[in-house]
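Asks: Under the numbering used here, the very last position in the sequence shown is 224; numbers go up by exactly one each time.
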Amino acid sequence: MGLHHPHDPPSHPTKSPNAAVPTLLAQALGHQAVRQGANVRFAKTSRILAELAGGHADRTWDKRIRELICPDLLVLDDFAMRQLAASRADDLYELVSERQGRSLIVTSNRAPSDWYPLFPNPVVAESLLDRLINASHQVIMNGPSYRPNKRPKNPTDRTDKPPTG
60 MGLHHPHDPP
70 SHPTKSPNAA
80 VPTLLAQALG
90 HQAVRQGANV
100 RFAKTSRILA
110 ELAGGHADRT
120 WDKRIRELIC
130 PDLLVLDDFA
140 MRQLAASRAD
150 DLYELVSERQ
160 GRSLIVTSNR
170 APSDWYPLFP
180 NPVVAESLLD
190 RLINASHQVI
200 MNGPSYRPNK
210 RPKNPTDRTD
220 KPPTG
């Protein structure tokens with residue numbers, strides 16, 4: 060698997076109903092970028108937003124956002140999992156805006172068209188998603204989830220039950 064320089068192209072949203080596959084792909088791309096000498100940060104989007112929210116509380120927001128802007132590649136995993144509070148949507152907008160022209164990988168199990176209603180302010184949604192979607196290469200993955208096969212079997216679901224009737 061080849062990888063271009065971390066600044067080429069700026070972002071790669073990946074979407075799949077099978078949430079584990081985009082995560083694994085993003086991890087592999089991040090790993091390859093590290094092997095090529097890039098500084099990479101990988102985190103769940105919710106954790107990044109919680110980290111920035113903590114920065115508002117303890118007045119370290121500027122320092123925290125700078126730390127997220129610095130990596131050559133930032134991977135936001137599980138993007139658009141739930142509706143965002145206005146302050147978190149604003150933080151996400153600031154992060155994406157400040158990283159403009161820098162590599163960003165976003166994984167989601169929703170299509171980009173489904174992201175808009177998750178933002179409380181349609182102007183912020185349009186501006187943020189315009190930056191993410193229009194300057195990106197999208198990788199859409201379809202197929203069944205492998206998770207049902209990984210779930211432990213329910214002991215009451217026996218296949219050797221005697222026939223009824």
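All C-beta atoms, glycine included, are put in the ideal place defined by N, C-alpha and C.
Scan the segment 124–172 and note each continuous beta strand (DSSP E) run of 3 residues or more that stays entirely inside, going in chain order.
Replies: The segment 124–172 contains these whole beta strand (DSSP E) runs: 132–136 and 162–167.
Asks: Evaluate residue 106 with the Cβ neighbour count: other Cβ atoms within 10 Å of its Cβ, from every protein chain shown; 16 or more gives buried, anything less gives exposed.
Replies: Result: exposed.
Asks: Return the Cβ separation of residue 155 and residue 190 in integer angstroms, given the expectation that the two are a contact with Cβ distance under 8 angstroms.
Replies: Confirmed, Cβ separation roughly 5 angstroms.
Asks: Mind checking whether residue 111 and residue 142 have CB atoms under 8 angstroms apart?
Replies: Going by C-beta atoms, residue 111 is not nearer than 8 angstroms to residue 142.
Asks: Indicate whether residue 163 and residue 175 have their beta-carbon atoms separated by less than 8 angstroms.
Replies: For residue 163 and residue 175, no; Cβs fall outside 8 angstroms.
Asks: Could you check where the alpha helix (DSSP H) with residue 106 kicks off and where it finishes?
Replies: Note, residue 106: alpha helix (DSSP H), 104–117.
Asks: Suppose the cutoff is 8 angstroms on Cβ atoms and the five residues either side in sequence are ignored; what does the same chain contact list for residue 173 look like?
Replies: Same-chain partners within the cutoff: 139.
Asks: Report, in whole angstroms, the separation of the C-beta atoms of residue 134 and residue 101, which I expect to be a contact under 8 angstroms.
Replies: That pair is a contact at about 4 angstroms.
Asks: Compare the Cα-Cα distances from residue 161 to each of 129, 92, 151 and 89 and report the closest residue.
Replies: The residue with the shortest Cα to Cα distance from residue 161 is 129.
Asks: Under the rule that 16 or more other beta-carbon atoms within 10 Å means buried, what is residue 194, buried or exposed?
Replies: Answer is exposed; the Cβ neighbour count stays below 16.
Asks: Kindly indicate which residue of 114, 192 and 149 has the alpha-carbon position closest to the one of residue 182.
Replies: If we check each option's Cα against that of residue 182, 149 comes out closest.
Asks: Is it buried or exposed for residue 146, if we count other Cβ within 10 angstroms and need 16 for buried?
Replies: The residue in question, residue 146, is exposed, as its Cβ has fewer than 16 Cβ neighbours within 10 Å.
Asks: Output the distance between the C-alpha atoms of residue 131 and residue 185, rounded to the nearest integer angstrom.
Replies: Taking the straight line from one Cα to the other gives about 25 angstroms.
Asks: Quick one: is residue 158 buried, meaning 16 or more other Cβ sit within 10 Å of its Cβ, or exposed?
Replies: Buried: at least 16 other Cβ atoms inside 10 Å.
Asks: Tell me, to the nearest whole angstrom, how far the beta carbon of residue 136 is from that of residue 85; I am working on the premise that it is less than 8 angstroms.
Replies: About 6 angstroms; that satisfies the 8 angstroms criterion.
Asks: Between which residues of its own chain and residue 116 is the CB-CB distance below 7 angstroms, once the five residues before and five after are set aside?
Replies: Taken in chain order, the list of residues that qualify is empty.
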